[in-house]
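Visitor:
Protein chains: 2
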Amino acid sequence: VANRRLLLGIDIGGTKVALALGDADGGLLSASRHEAEVARGPDHMLARIVDEAHRLLGAAEGKLEAIGISCGGALDRRRGLVLNPPNLPGWDSVPVVAHLSGALQAPASLDNDANLAALGEHRFGAGRPFANLVYVTVSTGIGGGIISEGKLVRGLSDSAGELGHQTLDPQGPPCGCGNRGCLEALSSGGAIAREARRAVEESPDEGAALLALASGKPDRLAAWMVAQAAAAGDALAAALWHRAMEYLGLGIANVVSILAPQAVIIGGGMIAAGELLLAPVRSAVRSRVRLVPAEEVAILPAALGPDSALRGALALALELA
Amino acid sequence: VANRRLLLGIDIGGTKVALALGDADGGLLSASRHEAEVARGPDHMLARIVDEAHRLLGAAEGKLEAIGISCGGALDRRRGLVLNPPNLPGWDSVPVVAHLSGALQAPASLDNDANLAALGEHRFGAGRPFANLVYVTVSTGIGGGIISEGKLVRGLSDSAGELGHQTLDPQGPPCGCGNRGCLEALSSGGAIAREARRAVEESPDEGAALLALASGKPDRLAAWMVAQAAAAGDALAAALWHRAMEYLGLGIANVVSILAPQAVIIGGGMIAAGELLLAPVRSAVRSRVRLVPAEEVAILPAALGPDSALRGALALALELA
Chain G
139 VANRRLLLGI
149 DIGGTKVALA
159 LGDADGGLLS
169 ASRHEAEVAR
179 GPDHMLARIV
189 DEAHRLLGAA
199 EGKLEAIGIS
209 CGGALDRRRG
219 LVLNPPNLPG
229 WDSVPVVAHL
239 SGALQAPASL
249 DNDANLAALG
259 EHRFGAGRPF
269 ANLVYVTVST
279 GIGGGIISEG
289 KLVRGLSDSA
299 GELGHQTLDP
309 QGPPCGCGNR
319 GCLEALSSGG
329 AIAREARRAV
339 EESPDEGAAL
349 LALASGKPDR
359 LAAWMVAQAA
369 AAGDALAAAL
379 WHRAMEYLGL
389 GIANVVSILA
399 PQAVIIGGGM
409 IAAGELLLAP
419 VRSAVRSRVR
429 LVPAEEVAIL
439 PAALGPDSAL
449 RGALALALEL
459 A
Chain A
139 VANRRLLLGI
149 DIGGTKVALA
159 LGDADGGLLS
169 ASRHEAEVAR
179 GPDHMLARIV
189 DEAHRLLGAA
199 EGKLEAIGIS
209 CGGALDRRRG
219 LVLNPPNLPG
229 WDSVPVVAHL
239 SGALQAPASL
249 DNDANLAALG
259 EHRFGAGRPF
269 ANLVYVTVST
279 GIGGGIISEG
289 KLVRGLSDSA
299 GELGHQTLDP
309 QGPPCGCGNR
319 GCLEALSSGG
329 AIAREARRAV
339 EESPDEGAAL
349 LALASGKPDR
359 LAAWMVAQAA
369 AAGDALAAAL
379 WHRAMEYLGL
389 GIANVVSILA
399 PQAVIIGGGM
409 IAAGELLLAP
419 VRSAVRSRVR
429 LVPAEEVAIL
439 PAALGPDSAL
449 RGALALALEL
459 A
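Those protein sequence lines, which keep their order, are chains G and A.
The numbering used here numbers the first residue of the first sequence as 139 and each following residue consecutively.
The numbering used here numbers the first residue of the second sequence as 139 and each following residue consecutively.
(1) At a CB distance below 7 Å, what residues from the stretch 389 to 420 of chain A approach chain G? Give them in sequence order.
(2) Taking a contact to mean a Cβ-Cβ separation below 9 Å, would you say E411(A) touches A375(A) in this structure?
(3) DSSP on G389(A), reduced to helix/strand/coil?
(4) Since R142(G) meets chain A, which of its residues come closer than 8 Å, beta carbon to beta carbon?
(5) Which same chain residues, not among the five before or five after I409(G), have their C-beta less than 7 Å away from its C-beta?
(6) Thinking C-beta only, is I207(A) closer than 9 Å to L454(A)?
(7) Based on the DSSP secondary-structure assignment, which residues constitute the bridge partners of A177(G)?
(8) Since S231(A) and P431(G) are thought to touch, with beta carbons under 8 Å apart, how far apart are those beta carbons, to the nearest angstrom?
(9) State the start and end residues of the unbroken beta strand (DSSP E) segment that holds N250(G).
(10) Cβ of L194(A) within 9 Å of Cβ of L157(A)?
(11) If you measure from the beta carbon of K289(A) to each beta carbon in chain G, is any gap under 9 Å?
(12) If we define contact as Cβ-Cβ less than 9 Å, is D296(A) a contact residue for chain G?
(13) State the start and end residues of the unbroken alpha helix (DSSP H) segment that holds S341(G).
(14) Name, in chain order, the residues that DSSP records as bridge partners for L166(G).
(15) V155(A) bridges to which residues according to DSSP?
(16) Which residues in chain G have a C-beta closer than 7 Å to the C-beta of R428(A)? List them in chain order.
(17) Of the residues that make up the stretch 352 to 373 of chain G, which ones have a beta carbon closer than 9 Å to any beta carbon in chain A?
(18) Does the Cβ of S168(A) have 16 or more other Cβ atoms within 10 Å, making it buried, or fewer, making it exposed?
(19) Mind checking which residues open and close the alpha helix (DSSP H) that includes A241(G)?
(20) Quick one: does P431(G) have its CB under 9 Å from some CB of chain A?
(21) Which first and last residues belong to the beta strand (DSSP E) in which G405(G) is found?
(22) For the structure I just gave you, are there three or more beta carbon pairs, one from the stretch 379 to 393 of chain A and one from the stretch 340 to 355 of chain A, closer than 8 Å?
(23) When the cut-off is 9 Å and only beta carbons count, does I284(A) lie next to chain G?
(24) Please check if any C-beta of chain G sits within less than 9 Å of the C-beta of V435(A).
(25) Need the endpoints of the beta strand (DSSP E) that S421(A) sits in, please.
(26) Can you confirm whether R292(G), when its beta carbon is compared against all beta carbons of chain A, has any partner nearer than 9 Å?
(27) Classify N141(A) as buried or exposed, calling it buried when 16 or more other Cβ atoms lie within 10 Å of its own Cβ.
(28) Per DSSP, which residues does D115(G) bridge with? Please list them.
(29) Pull up the distance between the alpha-carbon of L146(G) and that of G288(A), whole angstroms please.
(30) So S286(G) is in the beta strand (DSSP E); what residue range does that whole segment cover?
(31) Return the residue from the list R336(A), D357(A) and W362(A) that minimises the CA-CA distance to S326(A).
(32) Between G164(G) and the rest of its own chain, which residues show a CB-CB distance below 8 Å, the 5 nearest in sequence each way excluded?
(33) Are the stretch 226 to 246 of chain G and the stretch 174 to 190 of chain G in contact at 8 Å, needing three or more beta carbon pairs?
(34) Could you tell me how far apart the beta carbons of P227(A) and V188(A) are, in whole angstroms, since I believe they sit closer than 8 Å?
(35) Can you look up A347(G) in the DSSP assignment and give me helix, strand or coil?
(36) Indicate whether the contact test is met: 3 or more Cβ pairs, each with one atom in the stretch 417 to 429 of chain A and one in the stretch 308 to 322 of chain G, closer than 8 Å.
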């Protein structure tokens, strides 16, 4: 199979970089993952990616047909530039597409991680049965991607899908984006950790269970600890979790009213909470959404775990090949 | 031009029925409008529509190629049925498409009025320059339609675009849909009139200017009176109007964050308020939307006035022809 057609997907993150080699249909042949080492700068990272790609390609035999690249933060998709993502300090208009396309001798394309996670779940994951879906990532932040009739809805400057920045409480807490009361500022992992810290500092007694999970250090509190303590019956954790999930349900219900998708696929680190997250979201959609047949909207966990965007990068390569 | 190809658009409403005859490109040749006379039932209305269509066709010369039909409320687009819209009492699964297609000897298709208003503005109105837009109708209720890459986003059961039913205040006033705190329950003409009635009954002195516009009868208060009194400097009216427009801006900002459209086109009766409505919406979008380039989103009044859906029905006929 020396002339087999191969595709390469690359997911550039602030902590890890992942590569996946796929066959001509985007099916997964092999993958690798390594530390991002962002402190060493973009040249180092790109050289390491090229090395890893050669290693995967050398073991596979075949011809590389196309490369799909996923990256978070601000991109210029048309020019193939990574602009200046918050998780890649020191990167400023890095020509990732030109560099990797040149070094690996194949056409390449770039898109943001939330869009590619949506595409990955649509092509290879929980979204396969659905031509119209919304992917929501609930992690430190909240983002999303929209698939309509099997295609990504990209919007102005490829910025569609910012459902984490709908305002749900006009006077709510400040959001990293500059607005107040965004869904992300109310329901993300970052928001839950922030509220948990505030609560245990205000009421150390009621916060004892949470503090114990954080080894007594409020700074170490994370959203998963709140989920765990809530599941174990801790009242303060349950109240914090309940409030965040109520807003998450509200935000997802709003997206369902606006787009009437066949499915909402939820990924990101917080989906590890499973039913603790899914049940309140389903309940909010069923109770709040009246003019869209809410009972027909499937609300499902992502199937590809941390690889949604990586598999989406393969799907992007598939579009180029 | 006896063999000229003709298209027919029909807009069935609860108070008026409108017909438009178009050329093969959907360009407007002639139009008519008559009272809906809903009390006389669907058979009467359909017979009258057929008469009017024959009259328009008789004056035009040419061959009818296709018919597009707009109607509010619940429809079955695929089967061509008007189910049971609140503004057409007594209508229950009326086979409008089969009836008009048979009587006028041309293929026909049906869609809801908000979708067709979006399509009409996209093809013939303020939305012509934009492949990606959101149309918002602000009237007694609030509805919408979404155009992505030049096509209507229809969603489950053709129910996409219900942006008036995003929840903006979880404990807010009850909405006609069964939820609470929907955009429609906070910012529609119906909501503004309701709040104005409550306010003048609670504070007749502060409400004197509004009451005068309603001939002293709170029941006659309408949203346009609130806009007019607010523009004239009345404090109570200005407070009511300001609050409603703040939520309208919030709801439209949310849609912009989710879809990043090139344009938001605002139609419906309340757009008669002009800048009094547009300015606060533009301001909310500019201040709330941070991750989409909000300054590039055109926020425009509809160009076709009450005919957005009628022209959209012609655009629908164009797709069939």
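Glycine residues also receive a C-beta, built at the ideal position from the N, C-alpha and C atoms.
Guide: Inspection of the coordinates gives the following:
(1) Hits within the stretch, in order: A391, N392, V393, S395, I396, L397, A398, P399 and Q400.
(2) Against the second sequence, residue 411(A) aligns to sequence position 273. Against the second sequence, residue 375(A) aligns to sequence position 237. The identity of residue 411(A) in the sequence shown is Ala, whereas the question assumes Glu. No, they are not a contact pair.
(3) Residue numbering aside, residue 389(A) sits at position 251 when the second sequence is read from its first letter. In the structure shown, G389(A) falls within a helical segment according to DSSP collapsed to helix, strand and coil.
(4) The sequence position of residue 142(G) within the first sequence is 4, counting from 1. In chain order: nothing, as chain A lies at least about 34 Å away.
(5) Counting from one through the first sequence, the residue named residue 409(G) turns up at place 271. Short of 7 Å from the beta carbon of I409(G), and not among the five residues preceding or following it, lie these beta carbons of its own chain, in chain order: V276, L415, P439 and A440.
(6) Here residue 454(A) refers to the residue found at position 316 of the second sequence. Here residue 207(A) refers to the residue found at position 69 of the second sequence. Yes, these two residues count as a Cβ contact at 9 Å.
(7) Within the first sequence, the letter at position 39 stands for residue 177(G). DSSP lists no partner for A177(G).
(8) The sequence position of residue 231(A) within the second sequence is 93, counting from 1. The sequence position of residue 431(G) within the first sequence is 293, counting from 1. Taking C-beta atoms under 8 Å as the contact rule, S231(A) and P431(G) fail to qualify, at a distance of about 17 Å.
(9) Locating residue 250(G) in the first sequence gives position 112, where the first residue counts as 1. Where N250(G) is concerned, the enclosing beta strand (DSSP E) starts and stops at A246 to N250.
(10) Locating residue 194(A) in the second sequence gives position 56, counting from the first residue. Locating residue 157(A) in the second sequence gives position 19, counting from the first residue. Yes. Within cutoff.
(11) Working through the second sequence from its first residue, we reach residue 289(A) at position 151. True, the Cβ-Cβ gap to chain G drops below 9 Å.
(12) For this step, residue 296(A) is matched to residue 158 along the second sequence. The Cβ of D296(A) sits closer than 9 Å to at least one Cβ of chain G.
(13) Position 203 of the first sequence, counted from the start, is the residue given in the question as residue 341(G). For S341(G), there is no enclosing alpha helix (DSSP H), as DSSP marks it with neither H nor E.
(14) If you number the first sequence from 1, residue 166(G) lands on position 28. Per DSSP, G160(G).
(15) Translated into positions along the second sequence, residue 155(A) becomes position 17. Answer by DSSP bridge pairing, in chain order: I150(A) and H172(A).
(16) The residue labelled residue 428(A) in the question sits at position 290 within the second sequence. Against R428(A), the close residues of chain G are H303, C315, G316 and N317, in the order they occur along the chain (beta-carbon pairs closer than 7 Å).
(17) Against chain A - using a Cβ distance shorter than 9 Å - the stretch 352 to 373 of chain G contributes no residues.
(18) As a position in the second sequence, residue 168(A) is number 30, starting the count at 1. Result: exposed.
(19) Mapped onto the first sequence, residue 241(G) falls at position 103. First-last of the alpha helix (DSSP H) with A241(G): V234 to L242.
(20) By one-based count along the first sequence, residue 431(G) stands at place 293. Cβ-Cβ to chain A under 9 Å: yes for P431(G).
(21) Translated into the one-based positions of the first sequence, residue 405(G) becomes position 267. Here the beta strand (DSSP E) through G405(G) covers A401 to G405.
(22) Here the stretch 379 to 393 of chain A makes no contact with the stretch 340 to 355 of chain A; the two share fewer than three CB pairs at distances below 8 Å.
(23) Taking the second sequence and counting its residues from 1, one reaches residue 284(A) at position 146. Chain G, which has a Cβ nearer than 9 Å to the Cβ of I284(A), makes this yes.
(24) To locate residue 435(A), count along the second sequence from 1; it is residue 297. True, the Cβ-Cβ gap to chain G drops below 9 Å.
(25) Within the second sequence, the letter at position 283 stands for residue 421(A). In the DSSP assignment, S421(A) falls outside any beta strand (DSSP E) and lies within the alpha helix (DSSP H) extending over E413 to R426.
(26) Indexing the first sequence from 1 puts residue 292(G) at position 154. At a cut-off of 9 Å between beta-carbon atoms, R292(G) makes contact with chain A.
(27) To locate residue 141(A), count along the second sequence from 1; it is residue 3. N141(A) is exposed by the Cβ-count criterion.
(28) Because residue 115(G) is not part of the residues shown, which for chain G are 139 to 459, the question remains open.
(29) As a working note, residue 146(G) is residue 8 in the first sequence. As a working note, residue 288(A) is residue 150 in the second sequence. CA-to-CA, the gap between L146(G) and G288(A) works out to about 32 Å.
(30) Position 148 of the first sequence, counting from 1, holds the residue named residue 286(G). Unbroken beta strand (DSSP E) run through S286(G): I280 to S286.
(31) The residue given as residue 326(A) occupies position 188 in the second sequence. It is W362(A).
(32) The residue you call residue 164(G) lines up with position 26 of the first sequence. Here G164(G) has L145, R261, F262, R449, L452, A453, A455 and L456 as same chain residues with Cβ atoms under 8 Å from its own Cβ, once five neighbours each way along the sequence are excluded.
(33) Three or more pairs of CB atoms, one per stretch, sit closer than 8 Å, so the stretch 226 to 246 of chain G contacts the stretch 174 to 190 of chain G.
(34) As a position in the second sequence, residue 227(A) is number 89, starting the count at 1. As a position in the second sequence, residue 188(A) is number 50, starting the count at 1. Contact doesn't hold; Cβ gap of about 22 Å is too wide.
(35) Against the first sequence, residue 347(G) aligns to sequence position 209. Helix at A347(G).
(36) Touching, yes.
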